[in-house]
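Heads up: the sequence shown is residues 200 to 485, going by our numbering.
Quick reminder that beta carbons are idealized off the backbone N, C-alpha and C, glycines included.
Here the structure is a predicted model, which means the values were calculated and not measured.
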Amino acid sequence: MEIIEKAPAKINLGIDALYQREDGYYELEMVMASVDLSDHITVFDFSEPKIKLKTNLSFLPLDSKNLVYKAAKLLMKRFTISTGVSIEIDKRIPVAAGLAGGSSDCAATLRALNKLWKLNLTLEELAEIGAEIGSDVPYCIYGNTAFVSGRGEIVEKITNIKPFWTVLVKPPKNMPTLSVFQALKLDDISHPDIHALRKAINEQNFKQMFKNMGNVLESVTIERIPEIQKIKNTMLSLGAKAALMSGSGPTVFGICENQVQAKRVFNGIKGFNSEVYLVRLLTRKE
Ligand code: C5P
């Protein structure tokens, strides 16, 4: 049997860090949203009792450094699975970009193996297992728009978002999340009001949503990659309603009111940047 799961990229409409906890992690408040740029994870039984990874990107690790490998290993151990598994990762999301590509692949692997091995775990149970692997994995188990808090393990869904057209720009540099959090100084920076952001989306007051979008990590990454500020300014001057860095960066996204506006932003920015994507926010079907 073969199972295919989509692993969508995420963007942060808002991130605030409240304080550093005793375990070293930051207590966070975030609004996360999925977009229709996805990796594909395919899992199927393998004749030998091991985890075999395959991917279209030659520089990705295929061992325990890969979150997909960690997901399979953890499930195998916890549920004493003795059969092997082959996992193919078809990468389309830029790597180390602030789009949670690795965490989303990990979450998609957990969902896929839950089906392949008939474990009958709920999404809540998969999210708990995912939290052992990475802070963004619980959110990625559910996807779509959510208010996320704690270290990343408390996920509450938000239903009222519109499928906004969005332009993503990935500057050529990569940014390790750890180094951005390490350089964060909470007293020196302005904090976005994530509760106001959540309220605005719930009330479908998108003018207020654009106004309250903010990322506490942005200034840290912009200091290292000033190009981020330039991309934001260009997006806004081309007509985007809001432009922000996603996660710890360096990807910048611009949210637009409609497709015509998004195409103008996309075309205007494409000449200066090689990695530009035109996407839409995912919305729940129910
Ligand atoms: O949990 P994960 O390994 O994905 O997090 C990557 C890094 O981001 C951690 O090593 C930590 O430095 C930082 N982080 C944090 N507080 C969080 C989430 C992540 O400090 N809530």
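Q. By how many angstroms is the C-alpha of threonine 344 removed from the C-alpha of glutamate 485?
A. Per-residue confidence for glutamate 485 stands at a pLDDT of 48, beneath the threshold of 50, marking its modelled position as unreliable; the derived number appears in the next sentence. Roughly 13 Å between the two C-alpha positions.
Along the chain, where does the beta strand (DSSP E) containing tyrosine 224 start, and where does it finish?
Where tyrosine 224 is concerned, there is no enclosing beta strand (DSSP E), given that its DSSP letter is neither H nor E.
### Message
I want to know whether the segment 352–367 touches the segment 380–392 - three or more CB-CB distances under 8 Å.
### Response
no
- Task: Would you list the one or two residues that DSSP bridges to lysine 215?
- Result: As written in the sequence, residue 215 is aspartate, which differs from the lysine given in the question. Its beta-bridge partners are Glu228.
Which stretch, first to last residue, makes up the alpha helix (DSSP H) that contains glutamate 546?
-> Shown here, the chain extends from 200 to 485; a query on residue 546 therefore has no answer.
*asked:* As a quick check of your reading: which residues have a C-beta less than 6 Å from at least one non-hydrogen atom of the ligand C5P, in chain order?
replied: Tyr224, Tyr225, Leu227, Gly333, Ser334, Asp335, Arg350, Gly351, Thr376, Leu377, Phe380
Whole-angstrom distance between isoleucine 240 and leucine 259, CA atom to CA atom: 14 Å
Original post:
What does methionine 444 pair with, by DSSP beta-bridge criteria?
Top reply: Val451
**OP:** Enumerate, from N- to C-terminal direction, the unbroken alpha helix (DSSP H) stretches of 4 or more residues contained entirely within the segment 326–368.
**Re:** 336–341
In angstroms, rounded to a whole number, what distance separates the CA positions of isoleucine 210 and leucine 256?
22 Å
Could you compute how far the alpha carbon of isoleucine 202 sits from the alpha carbon of proline 425? 42 Å
Using three-state DSSP, classify aspartate 304 as helix, strand or coil.
helix
Keeping to the same chain, check which residues put their C-beta closer than 6 Å to that of glycine 448; ignore five residues upstream and five downstream.
Gly297, Met374, Thr420
query = Skipping 5 residues on each side, what residues in its chain have a beta carbon closer than 8 Å to that of alanine 395?
reply = Gln407, Asn411
Practice prompt. Assign threonine 376 to one of three DSSP states: helix, strand, or coil.
Written response: helix
I need the DSSP call for glutamate 485, collapsed to helix, strand or coil.
With a pLDDT of only 48 at glutamate 485, under the threshold of 50, the placement of this residue in the model should not be trusted; the figure read from the coordinates follows. Glutamate 485: coil per DSSP, three-state reduction.
* **Counted within 10 angstroms of its Cβ, other Cβ atoms place methionine 275 as buried (16 or more) or exposed** => buried
**Prompt:** Of the choices Pro370, Gly333, Gly283, Asp304, whose alpha-carbon is the least far from that of glutamine 428?
**Reply:** Pro370
Helix, strand or coil for leucine 416 per DSSP? coil
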